[in-house]
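Colleague: Per UniProt numbering, residue 1 is the first one in the sequence shown, and the count goes up by one each step. Attaching a single structure in structure tokens format; questions to follow.
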Amino acid sequence: MATAISTTTNSLKTIEWKWQSNSNPWSTNELPTWSHYSDVENLIIEEAFTNKQPRAILDAYYIDFESLRQISISNNNNQRPI
1 MATAISTTTN
11 SLKTIEWKWQ
21 SNSNPWSTNE
31 LPTWSHYSDV
41 ENLIIEEAFT
51 NKQPRAILDA
61 YYIDFESLRQ
71 ISISNNNNQR
81 PI
């Protein structure tokens, strides 16, 4: 599930992308914990998403929009839901 939150303030729309940050994001026994991307990362992600790109490239990982996952560039096995 993507957790992009749309907020409107004074007619400005802001999208906030988040990633699941708990120690084991795949655990069914743990409640999910969500963390915000930085402002710059958020802009990169939203621009790629708006332009219908398959992914957004960040420093150490990329966002795959089809699977809605953050994936490490150095190790594709390191993944988290977004």
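All C-beta atoms, glycine included, are put in the ideal place defined by N, C-alpha and C.
(1) Whole angstroms is fine: what's the gap from Ile58's alpha carbon to Ser72's?
(2) Spatial neighbours of Ser74 within its chain, please: C-beta separation below 8 Å, excluding the five flanking residues on both sides.
(3) According to DSSP, simplified to helix, strand and coil, what is Met1?
(4) Within 10 angstroms of its Cβ, does Trp26 collect 16 or more other Cβ (buried), or is it exposed?
(5) Looking at the structure shown, is Ile57 part of a helix, part of a strand, or coil, going by DSSP?
Modeller: Result, derived from the coordinates:
(1) Residue identity check: residue 58 is Leu in the sequence provided, not Ile. Going by C-alpha positions, Leu58 is about 10 Å away from Ser72.
(2) Here the set comprises Ala60.
(3) With a pLDDT of only 48 at Met1, under the threshold of 50, the placement of this residue in the model should not be trusted; the figure read from the coordinates follows. Here Met1 sits in coil by DSSP.
(4) exposed
(5) strand
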